[in-house]
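If you read the sequence shown in the working numbering, its first letter stands for residue 1, the second for the next number, and so on. Here's the structure, in structure tokens; my notes come after.
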Amino acid sequence: MIIYTNNILVEKKYKEKVKVIFVEGNYGQVLIKVRDQVHLGCHILNHPLYGSVKPNETPFRSVAVEEGKELDLESVDIIEYALLTYKKYMENAEKIKQDKYPDEITDDFRMIDLDLFSNAMDGIIKA
């Protein structure tokens, strides 16, 4: 399993258990990294649009994939839909930048992503 994230809290929690790739960038850049891996045969383990937090409402995202050798069409559909949804929300909204918010608010965004991602990972990883 590999986790792609731009959230330092997710990286800290899971780096001793599984491979974690920290993405220097925004939510959309995490999705692009995952999409690239899906096109190389990885299977998505958690939905990239988990939770009820819209893409324009948070700068953080974490997605787990499992390495594979064959193209998984369901994962392709999921990640392409996630990217379209991200683009749709971001077209009409000011892009969220991590430096836009005070540290306390950015920390809250990190905690929300960590909590939602950890709930998605229950049963997959013994965290």
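Heads up, the beta-carbon is just placed ideally off N, CA and C, and yes, glycines get one too.
Test item: CB-CB of residue i and residue j under 9 Å
| i | j | result |
| --- | --- | --- |
| cysteine 42 | valine 34 | yes |
| valine 18 | isoleucine 79 | no |
| leucine 114 | lysine 13 | yes |
| phenylalanine 117 | asparagine 26 | no |
| alanine 64 | methionine 111 | no |
| tyrosine 86 | leucine 45 | no |
| tyrosine 101 | serine 62 | no |
| proline 55 | tyrosine 89 | yes |
| glutamine 29 | valine 23 | yes |
| glutamate 67 | isoleucine 2 | yes |
| alanine 82 | leucine 49 | yes |
Opening and closing residue of the beta strand (DSSP E) in which residue i lies
| i | result |
| --- | --- |
| isoleucine 2 | 2 to 5 |
Three-way DSSP call (helix, strand, coil) for residue i in this model
| i | result |
| --- | --- |
| leucine 114 | helix |
| methionine 121 | helix |
Check: residue i C-beta below 8 Å from any heavy atom of the ligand ADP
| i | result |
| --- | --- |
| aspartate 115 | Among the ligands in the structure shown, none appear at all, so the ligand ADP cannot be discussed. |
Boundaries (first-last residue) of the alpha helix (DSSP H) holding residue i
| i | result |
| --- | --- |
| lysine 13 | 8 to 14 |
- request: Please list the segments of the beta strand (DSSP E) lying wholly inside the stretch 17 to 105, counting only runs of 3 or more residues, in order along the chain.
  value: Listed in chain order, the complete beta strand (DSSP E) runs (minimum 3 residues) inside the stretch 17 to 105 are 19 to 22, 62 to 66.
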